[in-house]
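FYI, the numbering for the sequence shown is 61 to 339, going by this note's numbering.
Every residue gets a Cβ at the ideal spot worked out from N, C-alpha and C, and that includes glycine.
Bear in mind that the values here come from a model prediction, so they are computed numbers and not experimental data.
One structure below.
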Amino acid sequence: MTEPSMIRRSTPISDEAAARLVSDAAFEELAADITRTARTARAARRPRVRPRFALALGAVAAVVAIVIGWTGGQRSAEALNFSRNGQYVDVTLRDPKADPARLRAEFAEHRMPVELEIWPASPSLVGAMLSWPEDPKNVKPAEIRWKDCGGIGCRSGVRIPVDLRTPVTVLFGRAPNPGERIRLTGDATAPGEILAGVPVVDRTVAEVVTALRQRHGTVEIYNLDRPADATTEGWDISAHVVPANKVKGTWRVTFVSSGHTSGAVGLVVSKTDVRPGSE
């Protein structure tokens, strides 16, 4: 992956700041999951995983340990789509609602050294690949088409060498079960999300909240964006939570993320007021 960040938005919030908002906790949790799995299931070495994910936390990931060797073939009933492409196999998620155990069985049948993370995701991230190893010799996500995830960088699949011997880990988003907490949150204005197509950048908090209420949505958290006079480094958005009763309706909205429950969002705001005629 060549991009400096998986977050790509035309908004005032910086890529670095957004990456801290959505990446650090998820990466730490993923690393812990892999460590726990390795201790109980196998003693093989863990692959290095790119520490950039598209948002959020929640339930325990389904870690799928796979054996080595591509067997070829594709059955129409499979939840994963395996397509041979020269010396590579393109893998995409055909059925985002498939049980992780089913995905484990399919990967095992194809005998590829892949550890697959399947996390409950918000609508725009369902079926999207959100993380992959840094080593370009292992996988080539850049050659798989982009999926429309709004302001979040994601792919629709991953390209894996047929002779891969080093285990790799990739992360896909799946549809959450009823009542299940969403672990991967994305851009609340992306297709399928509660504010799909609604312009929110540089709008006031009051305007965005009004649009949200019209769609029966709620704000689960407010985070303060990096002030203009702050240094580029060292601003952790997730550490700057603003109580709802302290947020002014005239403050500027710089980004809206989908929330951890259906209909909820998170607002990233700037204390800069949006005044009439200033747009």
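So, under 8 Å CB-CB, residue i and residue j are touching, yes? Tell me the CB distance rounded to an integer number of Å.
i, j, result
"Arg234", "Pro156", "5 Å"
"Gly326", "Glu280", "6 Å"
Kindly indicate which residue of the options has the alpha-carbon position closest to the one of residue i.
i, options, result
"Val261", "Leu140, Phe315, Gly326 and Glu177", "Phe315"
"Lys308", "Ser298, Val268 and Pro160", "Val268"
"His170", "Trp179, Leu140, Gly239 and Arg273", "Leu140"
"Ser318", "Ala165, Thr245 and Arg273", "Thr245"
"Leu224", "Gly257, Ala266 and Glu175", "Glu175"
"Val334", "Val258, Gly239, Gly326 and Val313", "Val313"
"Gln274", "Leu255, Pro259 and Glu280", "Leu255"
"Gly187", "Arg164, Ala158 and Ala168", "Ala158"
"Arg144", "His300, Val222, Pro303 and Asn305", "Val222"
"Asp150", "Arg162, Arg164, Arg215 and Lys306", "Arg215"
Report yes if the C-beta distance between residue i and residue j is below 8 Å; otherwise report no.
i, j, result
"Arg209", "Leu185", "Note that residue 209 is Cys in the sequence shown here, rather than Arg. Taking 8 Å as the Cβ cut-off, Cys209 and Leu185 qualify as a contacting pair."
"Ile242", "Thr321", "yes"
"Tyr148", "Ile220", "yes"
"Gly146", "Met189", "no"
"Thr264", "Trp311", "yes"
"Val228", "Pro173", "yes"
"Val328", "Asp289", "no"
"Ala324", "Thr278", "yes"
"Pro180", "Pro236", "yes"
"Glu138", "Glu166", "yes"
"Val258", "Ala271", "yes"
"Asp247", "Ile297", "no"
Mind checking which residues open and close the beta strand (DSSP E) that includes residue i?
i, result
"Thr152", "Tyr148 to Leu153"
"Arg171", "Looking at the DSSP string, Arg171 is not in any beta strand (DSSP E), and its letter there is neither H nor E."
"Glu280", "Thr278 to Leu284"
"Arg144", "Leu140 to Asn145"
"Val325", "Ala324 to Asp333"
"Thr229", "Val228 to Arg234"
"Val218", "Gly217 to Pro221"
"Val313", "Trp311 to Ser318"
"Ser182", "Segment: none, Ser182 is in no beta strand (DSSP E) and carries neither H nor E."
"Ser298", "Taken as a continuous stretch (DSSP letters only), Ser298 belongs to no beta strand (DSSP E), as it is neither H nor E."
"Leu190", "Met189 to Ser191"
Between which two residues does the alpha helix (DSSP H) holding residue i run?
i, result
"Glu267", "Val265 to Gln274"
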